[in-house]
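Protein chains in written order, with the working numbering: chain G, 177 to 636; chain H, 54 to 316. A short worksheet on the structure shown next.
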C-alpha cells in the first residue's frame, strides 16, 4: 500500500475539498478490516505545486533619510504577508537577483524566471517619500509571459510614517492574494481581538493579524473575557465581571466607549456570539439555574431560550455562511461535547464521541468546525488539549496541533486558511500566548508574548 | 331732468348775453383781487429761515441713507468711455549701454587632457581557437516566442491542460489560464478513476467561467471511454468554488483536458 500521509495531510486542508481524502485516509488508518488497496493514494494531484512568487525589495525612489526606514518596514511586511498567506511558494530572498527593478521598464524577466529564482510571478516596485507623503508603485508580473507580463499594477500615496508603510504593504499583499488566490480576499488588513492579562485584571486588546500594533481597547479595571467582534467591525461583545457576576457587555469601536447591552434576567451570562448578519447575539445564560443558550437581538432585547436540556450549554457559535445553525458545547452527557443544532433549537446533532471538547469556531465557508479537544480526558490519562478541525457534514476530523502544550480558543480567519489560538507551552495560565497558523497546522507563528488569551479574528 | 331739446327761439327770446358777460367779468376780478389781498396780508412780516422765535424747521434727508441697495461705484478704467482721459505715457530718453566689464566673459583656459593608461591588448592565442558552431537556420529577427493560450501541468499520474477558447484572452492573461489549470488540477482526484480502464485515456471537459470567477455548466466534450475517468474530471471542475474575478471580459469558456497516464 502506497500511503504517504506526512505531507499531503497537512497540505490538503488548505483546499476544502481535500478533507474528503484526509478523512478517508484517517478511516483507513483506524479501520480494523484494513485491506491492501494497491491503487490507493492520499496524494490527490501530486506535482501541482503552489505559485512560485518572488518578492523583490522595492527600489528607493528618493534619497530622503526617512525612505530607508520606511522601505525596510514595507519590504519586511510585504514579504511576511505573502509568505504567511499559505498559497504561495515564496522564493527565498537569498536566491533573488541583485537588481531591484522599480518600474516595468527596468525588469529583466529572464533573470527572474531562470534558476535559481525560478519565479513564476514577481512582485516589485518603487517606494519614495517627498514632502511628508509616502508614494508606492507596486507591480505584479508574470515571469513566464514575456509578451504581456503585467498582472497587477497599483499606486498608493499616504502619509509617510511607519504605520502607513505597513498598511500600504498589507493592501498590496491583499491585492496579490486576491488576484492569485482564487478570488478570496486576503487577511492582511484584518484584526485580532484578545484578552490581555495583567495585574489581576483582564482587559480586551486588539492587534493586527501579524501581531503588530497591539493596543488596549477597554479600560474597565475588572475581568473581561471572550471578546467577539461584530461582523461589521463596529462593536465588541464580551463578558465582564461586575457586581452581579459575569454579564455580557458591549463596546463600540466607532464611539470608543461602552454601549448599552441589557441581557436581563440575571444569572451568569457568558460567551456571546454574533450572527453573520450582525442582528442577533447568542450567549449562554444561567438565569434559570442551568446554563442554557439564549439568542437576543444586538442590544440585548427579546432574549429567547433555544436549548432546554439538563446540563450546561455554553460557547455558542453561529454558522457564518448561513446563520441558521449553531454549534455549541453541551454537558448533557457528563463531559462537555460538541453539538450543532438549527438556530431555532431543532435538529440537535452530537459531533464528538468522547473526551473533553471546548470552544468551537465555525469556518467562514461553513464547512469546518475548529475546536479544542482533550480526547483522553481523565485522571492519569495521557494526552493534552489540542486544536482539531472537523468537517461538519461528515464528522471527520484531523488534529492540527501536536505536542506544543495546552491549546485552546481557536478562531478562524476570514479567508478560512488560517487559525489563531491560545497556547500555553507549559500548561500554566500565566504563560498563555497567542499563536496563528495555517489551517493545516503548518506555518505556526507566535503573535504575542505570555499574558494573552482568547483570540478572536475579525470577520473582514 | 334737464331739457336737452334745443329751441333757437327760446335762446333768442331772452338775449341777456351782455348782462351775463359783465357779471362774469366782475366776479373774476373780485376773486383775483381777493387772492392778491390774502397773499399780501397773510404771514406778513416773517420769511423762511429768519431768526425768529417760531422759526420753521426743514429736514433734509440724505440720499445715501435711503434703505436702497448701494450703487455700484463705476470704475473709471475704460479708456474710451472714461471722462478723465489717461495721461500719455512718458517717453523715456534712450540710454546707452555701459561697456562690458573686461573680466565678465570667462575665457576658456587650456585644459590638459587626462592621461589614460593604454589598455593592454590581449595577446593573440598561439593556437587557433575552435570556432563556435554557427547556426544553420536563417535568423529572421528576435521574437519573444509564440504564446499558445494553453497551460499544461505534468501531474504524478497524468497531464492536465487548460485552453481558453478566446485566444486573445489566453495570451493576454496567461497567468489566469495558469491559475485555472492549477486549481482544477489540485481538485482532480485521480484515484476516483478506475486505473484498469483509464490508463492512457484522455477526457476533455468544457466549462464556463463568469465574471466573478465561478465555474459553471461543466460538460464533457470528448469522452475517454472510461466512465469513471469522465466522472472524476467532471467532479474536479465541480469542486472548484472560484478562480478569482476575470481580469477582462464577461465570461470565458475553458477547454480542459485530463490525460491519465499511469495508476
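Ideal Cβ positions, reconstructed from N, Cα and C, are used throughout, including at glycine. Since the structure is predicted, the reported quantities are computational estimates derived from the model, not experimental observations.
Have a look at the DSSP bridge pairing and note the partners of residue 165 of chain G. With chain G covering 177 to 636 only, the question about residue 165 of chain G has no answer from this structure.
Just by C-beta distance, which residues in the segment 216–228 of chain H are closer than 8 Å to chain G? 224, 225, 226, 227, 228
Classification of residue 496 of chain G by the beta-carbon crowding that lies within 10 angstroms, buried from 16 upward: buried
Checking 8 Å against the spacing of the C-beta atoms, do residue 313 of chain G and residue 302 of chain G come in under that value? yes
Quick one: is residue 357 of chain G near chain H, going by C-beta distance under 8 Å? yes
Status (buried if at least 16 other CB within 10 Å, exposed otherwise) for residue 158 of chain H: exposed
Rounded to whole angstroms, what is the Cα-Cα separation between residue 354 of chain G and residue 298 of chain H? 9 Å
For chain G, is any of its Cβ atoms less than 8 Å away from the one on residue 238 of chain H? yes
Between residue 236 of chain H and the rest of its own chain, which residues show a CB-CB distance below 8 Å, the 5 nearest in sequence each way excluded? 293, 296
Neighbour flag for residue 271 of chain H against chain G, beta carbons, 8 Å: Answer no: the Cβ-Cβ gap between residue 271 of chain H and chain G never drops below 8 Å.
For the beta strand (DSSP E) holding residue 599 of chain G, just list the boundary residues, first then last. 594–600
Please check if any C-beta of chain H sits within less than 8 Å of the C-beta of residue 318 of chain G. yes
Contacts of residue 296 of chain H in chain G (Cβ-Cβ under 7 Å): 358, 359
For residue 253 of chain G, which residues in the same chain have their Cβ closer than 6 Å to its Cβ, ignoring the five residues on either side in sequence? 342, 345
Please classify residue 529 of chain G: is it buried, with 16 or more other beta-carbons within 10 angstroms of its beta-carbon, or exposed? Residue 529 of chain G should be labelled exposed.
If the cut-off is 8 Å on Cβ atoms, which residues from the segment 319–330 of chain G count as contacting chain H, listed in chain order? 320, 321, 322, 323, 324, 327
If you measure between the beta carbons of residue 407 of chain G and residue 370 of chain G, is that distance less than 8 Å? At a Cβ-Cβ threshold of 8 Å, residue 407 of chain G and residue 370 of chain G do not count as neighbours.
Do the segment 227–244 of chain H and the segment 315–325 of chain G meet, that is, are 3 or more Cβ pairs less than 8 Å apart? yes
Would you verify that the beta carbon of residue 49 of chain H is, or is not, closer than 8 Å to some beta carbon of chain G? This structure leaves residue 49 of chain H out entirely; chain H is present only between 54 and 316.
Please report how far the alpha carbon of residue 249 of chain G lies from the alpha carbon of residue 275 of chain G, in whole angstroms. Rounded to whole angstroms, residue 249 of chain G to residue 275 of chain G spans 19 Å at the Cα level.
Quick one: residues in its chain with C-beta nearer than 8 Å to the C-beta of residue 442 of chain G, no 5 flanking neighbours on either side, listed in chain order? 420, 463
Given this structure, state the Cα-to-Cα distance separating residue 432 of chain G from residue 255 of chain G, to the nearest angstrom. 33 Å
Looking at chain G, is there any beta carbon in it that lies within less than 8 Å of the beta carbon of residue 232 of chain H? yes
Alpha carbon to alpha carbon, how far is residue 278 of chain H from residue 251 of chain H? 8 Å
Does the count of Cβ pairs from the segment 502–519 of chain G and the segment 485–492 of chain G closer than 8 Å reach three? yes
8 Å Cβ cutoff met for residue 383 of chain G and residue 377 of chain G: no
Would you say the beta carbon of residue 154 of chain H comes nearer than 7 Å to a heavy atom of the ligand ADP? The ligand ADP is not part of this structure, which contains no ligands at all.
Using 10 angstroms around the beta-carbon of residue 604 of chain G, count the other beta-carbons present and answer buried if the total reaches 16, otherwise exposed. exposed
Looking at the C-beta of residue 303 of chain H, does it have a partner C-beta in chain G at a distance below 8 Å? no
Which residues of the segment 353–387 of chain G have a Cβ closer than 9 Å to any Cβ of chain H? Give them in chain order. Only those residues of the segment 353–387 of chain G whose C-beta falls short of 9 Å from the nearest C-beta of chain H are listed: 354, 355, 356, 357, 358, 359, 360.
Which word fits residue 221 of chain H, buried or exposed, when buried means at least 16 other C-beta atoms lie within 10 angstroms of its C-beta? exposed
In the DSSP assignment, find the unbroken beta strand (DSSP E) run with residue 259 of chain H in it and report its ends. 254–262
Backbone CA spacing between residue 396 of chain G and residue 585 of chain G [nearest angstrom]: Between residue 396 of chain G and residue 585 of chain G, the alpha-carbon positions lie close to 23 Å from each other.
8 Å Cβ cutoff, residue 224 of chain G in contact with chain H: yes
Buried or exposed for residue 163 of chain H, going by 16 or more other Cβ atoms inside 10 Å? exposed
Cβ-based contacts, 8 Å cut-off: residues of the segment 251–282 of chain H near chain G: 265, 266
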